[in-house]
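Trainee: Could you have a look at this structure, given as C-alpha cells, before my questions?
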Amino acid sequence: NKLGKKRVERRHEEQLERLVQRTLELIPFCDARNLANIAHGAAKCRLPASVVSSLFAAIAEAAVRKGFAGFKPQELSNTVWAYATAGVAA
8 NKLGKKRVER RHEEQLERLV QRTLELIPFC DARNLANIAH GAAKCRLPAS VVSSLFAAIA
68 EAAVRKGFAG FKPQELSNTV WAYATAGVAA
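Okay, structure coming up:
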C-alpha cells in the first residue's frame with residue numbers, strides 16, 4: 008500500500024487540517040472500533056505530530072471516558088500499535 012509510505016505534501020496541509028478538525032468533532036460519538044480505526048489510519052499515514060497530537064489526545068480521552076467499554080483485544084492492540092508507531096505517549 009503506497010498510501011502509508013508517502014508523506015503529506017505541503018499543498019495538502021489545509022485539507023488535512025480540516026479533515027482532522029472534523030474528525031475531532033466526531034470522536035465523542037465514536038465507538039471503540041471507530042477510535043481504533045482513526046488512530047490506526049493516522050499512524051499508518053505517518054501524519055505529522057503537529058497535526059495529529061490533538062487527534063491522539065482526543066482518542067485517549069474518549070477511550071478513558073468510556074472506560075474502554077467495547078474495546079476487544081483487536082481494537083486495543085490496533086490502538087496501542089498506532090500510538091507506538093506515531094510516537095505518541097498515551
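Using this note's numbering, read the sequence shown as starting at 8 and increasing by one per residue. C-beta: ideal position from N, C-alpha, C; glycine also.
(1) Beta-carbon separation of Glu82 and Ala39 under 8 angstroms?
(2) If you draw a straight line from the C-alpha of Ala64 to the C-alpha of Thr30, how long is it?
(3) Could you tell me the boundaries of the alpha helix (DSSP H) in which Ile66 lies?
(4) For Val71, which of Glu21, Gln22, Pro55, Thr86 has the nearest alpha-carbon?
(5) What's the gap between the Cα of His19 and the Cα of Leu54?
(6) Measure how close the beta-carbons of Val58 and Leu23 come, nearest whole angstrom, since I'm counting them as under 8 angstroms.
Mentor: In short, the structure shows the following:
(1) For this step, residue 82 is matched to residue 75 along the sequence shown. For this step, residue 39 is matched to residue 32 along the sequence shown. It is a contact, given that the beta carbons lie within the stated cut-off.
(2) Numbered from its first residue, the sequence shown carries residue 64 at position 57. Numbered from its first residue, the sequence shown carries residue 30 at position 23. So the two alpha carbons sit approximately 12 angstroms from each other.
(3) Residue mapping note: residue 66 aligns to position 59 of the sequence shown, counting from 1. Segment 56–72, the alpha helix (DSSP H) holding Ile66.
(4) Locating residue 71 in the sequence shown gives position 64, counting from the first residue. Closest by alpha carbon: Thr86.
(5) On the sequence shown, residue 19 is found 12 positions in, with the first residue counted as 1. On the sequence shown, residue 54 is found 47 positions in, with the first residue counted as 1. Going by the C-alpha atoms only, they are around 11 angstroms apart.
(6) Translated into positions along the sequence shown, residue 58 becomes position 51. Translated into positions along the sequence shown, residue 23 becomes position 16. That belief holds up - the Cβ atoms of Val58 and Leu23 are roughly 6 angstroms apart, short of 8 angstroms.
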